[in-house]
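Quick notes on the structure that follows.
Residue numbers (this note's numbering), protein chains in the order written: chain R, 1 to 262; chain D, 1 to 325.
See below:
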């Protein structure tokens, strides 16, 4: 089984140092980069599938040149190799362009499954995987809490979380699946994994390597533009109540009543 | 006349999803500002109930009966039918919810039409001939306003962005059949499982009572659930509580869970780490019960009660009961 996991380097949310540059694009130099947390859940799901029935995992990312550093951690978790699409043209890519480039990169590969994280902590849209699946005419299964591929029948079953429970979906492979955290917590890289990752291949691909026409892609062709930015209104001062449990409870009830919430 | 479209999403029983009533209300406001018409599209094996409800919000609803939608995943089918209706004008604006179904529709619709996407709108106005979309980014540190270069595109709308209000007149419903065969692969739904005690979607809740590590276990979440019931709210949780198996993932709020904007967020035993904060900081009112007065949540809560939640919460239940009489 060959599984491609889509990963993205994002500003480390824990560092809380994200900012926009003067061009209104994310200033990627302002924060340390990490692998997007939701992508690690997708990778963990892929690792479990490969451990159970054999196979390889290719990480695919579209990122600026430095993105390979963050990919090492994902390789240390156990992925086989990485592919990084890097091209100066791609800075400032929008959803449409990102989906088109990743679809072109996937078009060069033979795979059984593509796994993606639910969304990224920087963009947060969670719309790119559906775009890739539509461009490649791949079966698209999102919000997955369980993934059961069957190599014999060439089909995959997925539990899709719904507001009231879950649906069981079934589709032929290759298919694209969007993962949730319900698939299980990502492992930490082992020392052995970290050592092994140093020699794993990260192939760099430019748009020309993918045969993609750069016009219509990247920042220059973006369909969206930031018009202005502002700080959110500051929250009011915090009221702190210390006292008996009864006093605390009364303070909450009064506060909610004053604000007409109850 | 130009059209501001809203894609009607459906609940499991075929009724209109709440987020679509809000998106439709927003579409109407935008249409008024733009001198355009607000119109809805419903795609389903039986769209009648959702289409009827959507018509109370907008002046026209295209109601597409697509037998393929029975037994198959809805979003890609809906995206394709919506693409057929809206055509290829790059100035077209389409609103859809920012939940799982809406995101799936938005991504596929963008690929099918070439329209751009702005995500997770917390407000949309009409300016300079197109939508101006407000988004909260960087964990709530910044609000950006963005537009489309072609003055049209797809916008995913967060729940609770506006209050749904029906229109003064009921719109006309235009029944329609799908105009062609599907080009995107259909995905079969082989089984639908309703889990006992599945909670209402937390993204739409007006009040959320949420528990973290301090709740201590599944038994502690029963206490959280009692407060939620007393306030007529939903139960939320931090990643730590979900990873510990105390409560299902569907209830998780934060960076790898859901982003919520309730009127009240009552945080019980939650320290307020940045990964959780990004999921709830835009709540109207934040109240925290925590033993540690220096926990990060004290920096952004409106009211902090310092104390043991296992003592404060039972007292709170009594006080709420007394108030309810």
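Yeah, the Cβ is synthetic: ideal placement off N, Cα and C, and Gly gets one too. Every value quoted in this text rests on a predicted model; they were computed, and no experiment measured them.
Item                                                                                                            : Value
Opening and closing residue of the alpha helix (DSSP H) in which residue 258 of chain D lies                    : No alpha helix (DSSP H) holds residue 258 of chain D; DSSP gives it neither H nor E.
Continuous alpha helix (DSSP H) stretch holding residue 48 of chain R: start and end                            : 37-53
Same chain only: Cβ atoms within 6 Å of residue 119 of chain D, ignoring 5 sequence neighbours per side         : 156
Reference residue 93 of chain D, options D/104, D/78, D/99 and D/113, closest by Cα                             : D/113
Chain R contact for residue 249 of chain D (CB, 9 Å cutoff)                                                     : yes
Residues in the stretch 140-152 of chain R having any Cβ partner in chain D nearer than 8 Å                     : 140, 141, 142, 143 and 145
Simplified DSSP state of residue 145 of chain R, which is helix, strand or coil                                 : strand
Residue-chain proximity (residue 14 of chain D, chain R), Cβ-Cβ < 9 Å                                           : no
Uninterrupted alpha helix (DSSP H) stretches inside the stretch 180-237 of chain D (no shorter than 4 residues) : 218-230
Test: residue 146 of chain D CB closer than 9 Å to a CB of chain R                                              : yes
Interface flag, residue 264 of chain R vs chain D, CB-CB below 9 Å                                              : Any question about residue 264 of chain R goes unanswered here, given that chain R covers just 1 to 262.
Which listed residue (R/47, R/174 and R/227) has its alpha carbon closest to that of residue 136 of chain R     : R/174
Spatially closest choice to residue 225 of chain D from D/238, D/239, D/210 and D/214, by CA coordinates        : D/210
Exposed unless 16 or more other CB atoms sit within 10 angstroms - verdict on residue 136 of chain D            : buried
Buried or exposed (CB count within 10 angstroms, at least 16 for buried), residue 239 of chain D                : buried
Residue-chain proximity (residue 159 of chain D, chain R), Cβ-Cβ < 9 Å                                          : no
Exposed unless 16 or more other CB atoms sit within 10 angstroms - verdict on residue 232 of chain D            : exposed
C-beta neighbour in chain R for residue 241 of chain D, strict 9 Å                                              : no
Limits of the beta strand (DSSP E) - the one that residue 181 of chain R falls within                           : Element bounds for residue 181 of chain R: n/a, residue is neither H nor E.
C-alpha gap between residue 146 of chain D and residue 130 of chain D, whole angstroms                          : 10 Å
Closest residue to residue 248 of chain R among D/193, D/235 and D/307 (Cα-Cα distance)                         : D/307
Within-9 Å CB hit, residue 222 of chain R to chain A                                                            : Among the chains of the structure shown, chain A does not appear; the protein chains present are R and D.
Selected residue, minimal CA-CA separation from residue 183 of chain R, among R/24, R/47 and R/35               : R/47
9 Å Cβ cutoff met for residue 109 of chain R and residue 60 of chain R                                          : yes
Where the beta strand (DSSP E) containing residue 228 of chain R begins and where it ends                       : 224-230
Inter-residue spacing [alpha-carbon to alpha-carbon] between residue 239 of chain R and residue 222 of chain D  : 27 Å
Inter-residue spacing [alpha-carbon to alpha-carbon] between residue 76 of chain D and residue 86 of chain D    : 15 Å
Distance between beta carbons of residue 166 of chain R and residue 117 of chain R, contact taken as under 8 Å  : Going by Cβ atoms, the distance from residue 117 of chain R to residue 166 of chain R rounds to 19 Å, so no, they are not a contact pair.
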